[in-house]
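Under my numbering, residues 50 to 213 are what the sequence shown spells out, in order. We put the beta carbon where it would ideally sit given N, CA and C, even for glycine. To keep things clear, I will list the structure first and then write my remarks on it.
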Amino acid sequence: MRVLKNILSQLHSFALWALASVLLWGWIFGLATDTTPDKKIMIFCHVPELQDVELTMALEEDLPEGIKMVQVHPFDYVMFDTVSITRADILIIPAIDVSEMGDEILPLEGDGGVQVYDPDTGEGVLLDYITYGDEKYYLFLGAASAHLEDGAAAQIAREMLSME
Numbered sequence: 050m051r052v053l054k055n056i057l058s059q060l061h062s063f064a065l066w067a068l069a070s071v072l073l074w075g076w077i078f079g080l081a082t083d084t085t086p087d088k089k090i091m092i093f094c095h096v097p098e099l100q101d102v103e104l105t106m107a108l109e110e111d112l113p114e115g116i117k118m119v120q121v122h123p124f125d126y127v128m129f130d131t132v133s134i135t136r137a138d139i140l141i142i143p144a145i146d147v148s149e150m151g152d153e154i155l156p157l158e159g160d161g162g163v164q165v166y167d168p169d170t171g172e173g174v175l176l177d178y179i180t181y182g183d184e185k186y187y188l189f190l191g192a193a194s195a196h197l198e199d200g201a202a203a204q205i206a207r208e209m210l211s212m213e
């Protein structure tokens with residue numbers, strides 16, 4: 050009884066240590082499995098549903114030279130950290146967001162983004178990985194991408210456009 054009472058009186062200390070341990074190991078895991086922006090392609094998709102792990106694995110099958118990894122995330126992955134989204138290499142966004150993103154996006158080619166989904170026909174790319182909403186969606190390059198000069202972002206974007 051005494052041992053149980055002692056454990057219960059220190060329960061808050063155990064909980065704090067457990068939380069600190071989880072945070073520490075999460076940070077260490079993040080350091081061990083991540084790389085610098087010049088060696089990865091960051092893709093953000095502002096869509097209702099995204100199979101990010103599956104799309105990441107499919108895109109990592111044929112990486113451009115110098116690229117070690119691809120990371121695909123929904124917009125809500127970064128919550129309030131809009132800086133991460135502005136540093137994205139590739140973005141898939143609905144038509145309504147195009148004017149809002151303004152200077153943060155660049156067309157892959159031509160004057161506008163490449164349309165990746167049309168709700169009127171239900172046709173689009175990456176349908177095995179992305180569930181789009183009820184409007185048109187476009188693919189853009191990030192204006193602050195670390196891979197505009199080396200062409201790696203454009204290469205991955207073109208690969209995405211060729212996928213079903």
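Three-state class that DSSP yields for Met50 in the structure shown: As a position in the sequence shown, residue 50 is number 1, starting the count at 1. Of the three classes helix, strand and coil, the one that applies to Met50 here is coil, per DSSP.
C-alpha gap between Tyr187 and Tyr178, whole angstroms: The sequence position of residue 187 within the sequence shown is 138, counting from 1. The sequence position of residue 178 within the sequence shown is 129, counting from 1. The straight-line gap from Cα to Cα measures roughly 15 Å.
Of the residues Asp169, Leu190, Ala137, the one placed nearest Gly159, counting alpha carbons only: Here residue 159 is taken as the residue at index 110 of the sequence shown, counted from 1. The residue with the shortest Cα to Cα distance from Gly159 is Leu190.
Segments of 4+ residues assigned as alpha helix (DSSP H) that fall wholly inside the region 72–150: 101–108, 131–135, 144–150
Residue environment, Ile154, which counts as buried when at least 16 other CB atoms sit within 10 Å: Taking the sequence shown and counting its residues from 1, the one referred to as residue 154 is at position 105. Flag for Ile154 reads buried.
Exposure of Asp87, with buried meaning 16 or more beta-carbon neighbours within 10 Å: For the purposes of this step, residue 87 is taken as the residue at position 38 of the sequence shown. It is exposed - the Cβ of Asp87 has fewer than 16 other Cβ atoms within 10 Å.
Asp183, DSSP secondary structure in three states: Translated into positions along the sequence shown, residue 183 becomes position 134. Asp183: coil per DSSP, three-state reduction.
Nearest residue (CA-CA) to Phe93, options Ser58, Gly200, Val119, Glu184: The residue labelled residue 93 in the question sits at position 44 within the sequence shown. Of the candidates Ser58, Gly200, Val119, Glu184, the one whose C-alpha sits nearest the C-alpha of Phe93 is Val119.
From Gly115, Ser70, Leu65, residue whose alpha carbon lies closest to that of Ala195: As a working mapping, residue 195 is identified with position 146 in the sequence shown. That would be Gly115, whose Cα lies nearest to the Cα of Ala195.
When Ser211, Ser62, Val121, Ile56 are compared against Val102, the one with the closest alpha-carbon: Indexing the sequence shown from 1 puts residue 102 at position 53. Nearest of Ser211, Ser62, Val121, Ile56 to Val102, Cα basis: Val121.
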